[in-house]
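Remarks on the structure that follows.
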Amino acid sequence: MRKELALICLVVGVLVIVGCVQKEMGVKPELKLNDFPEAFKEGTLIIVGDNASEIELQAANEIADYLENRTENKPLVKRYSEVTEEDMKNYNLIVIGTPNSNPMLKEVYAMADVLEVNETFPGEGKGVLEIARNPWNKERAMLLVEGRYPFDIYYITKVLNEFLVSQKYYITKTHNFVKVSGRLFVTGNEPFTKLAILANGNSFGVIIQNETIHNELWKLQGKSVVLYGYLVDGTPPFKKNIIVVKFKLMR
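My numbering numbers the first residue of the sequence shown as 3 and each following residue consecutively.
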């Protein structure tokens, strides 16, 4: 079976992106994480467990709000016991939770060629994002937002948020390379927090596309740094963002 999956694991603050490709002739092209949110712009259903945790419910609501803002179509959100066979066939699916909190994941594992969260994979403190074809209807898409424990959903939702923010930016020669000196701070509500910098009374959103820089800067909250990168249009609440390519700590 041809499979192109996007897997993102957050392991004690380390962001790992893995792409896997297997080929088979005569099947529909598989989806990549870059196909989100476009593949989910119409007819999307978010599924949580009947006893979903507050973290899982918040993740569902944040993703639903994001899709509504980007596509002008807000997905339905249903608990597992409310989902029908017709729902699984007719909708793009976003399944959120753990195998224990959301039985839909076990149904997906039995139907689709996807990675299975279990006692050994991916482990505590790690979350998984995987996009694939809906196994009940290959014309539809499916996104899995999962982990072994509810708090893993918290971590992976933060990663998804950062991915969604960063994927809209493509650097061209028209973007200015700048140096911004100031103090790093965090804004937003968990798990959808953002890193920012306050410089000379102005706040800039901080976009980080390099794994090493990402991990190091998030450890420097409250510290004064110099950021080097490209100035681009901002995302609320910032008028401008800086895409960081290097930095140094101010002494």
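Even glycine gets a Cβ: it sits at the ideal position worked out from N, Cα and C.
Just so we're clear, the structure is a prediction, and the values are computed from it rather than from any experiment.
| Check | Outcome |
| --- | --- |
| Among residues of its own chain, excluding the 5 on either side of Ile199, which ones have a beta-carbon nearer than 8 Å to its beta-carbon? | Val182, Gly184, Arg185, Leu186, Phe187, Ser205, Phe206, Val208, Val227, Leu229, Ile244 |
| Whole angstroms are fine: how far does the CA of Lys160 sit from the CA of Leu146? | 15 Å |
| Can you give me the C-alpha to C-alpha distance between Lys250 and Ile215, rounded to a whole angstrom? | 10 Å |
| If we count the other Cβ atoms within 10 Å of its Cβ and call it buried at 16 or more, is Lys128 buried or exposed? | buried |
| Looking only at its own chain, which residues have a Cβ that is under 6 Å from the Cβ of Gly231, when we skip the five neighbours before and after it? | Ile244, Ile245, Val246, Val247 |
| Using only the alpha-carbon positions, how far apart do Gly190 and Thr86 sit? | 35 Å |
| Out of Pro39, Tyr82, Asn53, point me to the one whose CA is closest to Thr73's CA. | Pro39 |
| Contact between the segment 81-96 and the segment 43-58: three or more CB pairs below 8 Å? | yes |
| Going along the chain, which residues of its own chain have a beta-carbon closer than 6 Å to the beta-carbon of Met106, five neighbours each way excluded? | Ile49, Tyr82, Val97 |
| Return helix, strand or coil for Met144, following the three-state DSSP convention. | strand |
| For Phe123, which of helix, strand or coil comes out of DSSP? | coil |
| When the Cα atoms are used, what is the spatial distance from Val234 to Ala61? | 27 Å |
| Would you list the residues sitting across from Gly129 in a DSSP beta bridge? | Gly149 |
| If you count every other CB in all the chains shown that lies within 10 Å of the CB of Glu132, and 16 or more means buried, which is it? | buried |
| Met252: buried (16+ other C-beta within 10 angstroms of its C-beta) or exposed? | exposed |
| Please report the straight-line C-alpha distance between Leu254 and Leu33, rounded to a whole angstrom. | Any property of residue 254 remains undetermined from this structure, which presents the chain solely from 3 to 253. |
| Hey, out of Phe179, Tyr111, Pro124, Asn136, whose CA is closest to Asp89's CA? | Asn136 |
| Using only alpha-carbon positions, find the residue among Asn36, Ala114, Val130 that is nearest to Asn120. | Val130 |
| Which word fits Gly149, buried or exposed, when buried means at least 16 other C-beta atoms lie within 10 angstroms of its C-beta? | buried |
| Assign Thr122 to buried or exposed, taking buried as 16 or more other Cβ atoms, counted over all protein chains shown, within 10 Å of its Cβ. | exposed |
| Given that a residue counts as buried once 16 or more other Cβ atoms are within 10 Å of its Cβ, and exposed if not, what is Ala112? | exposed |
| DSSP state of Asn71, grouped into three classes? | helix |
| For Ala114, which residues from the same chain have a beta carbon less than 7 Å from its beta carbon, with the 5 sequence-adjacent residues on both sides left out? | Ala134, Pro137 |
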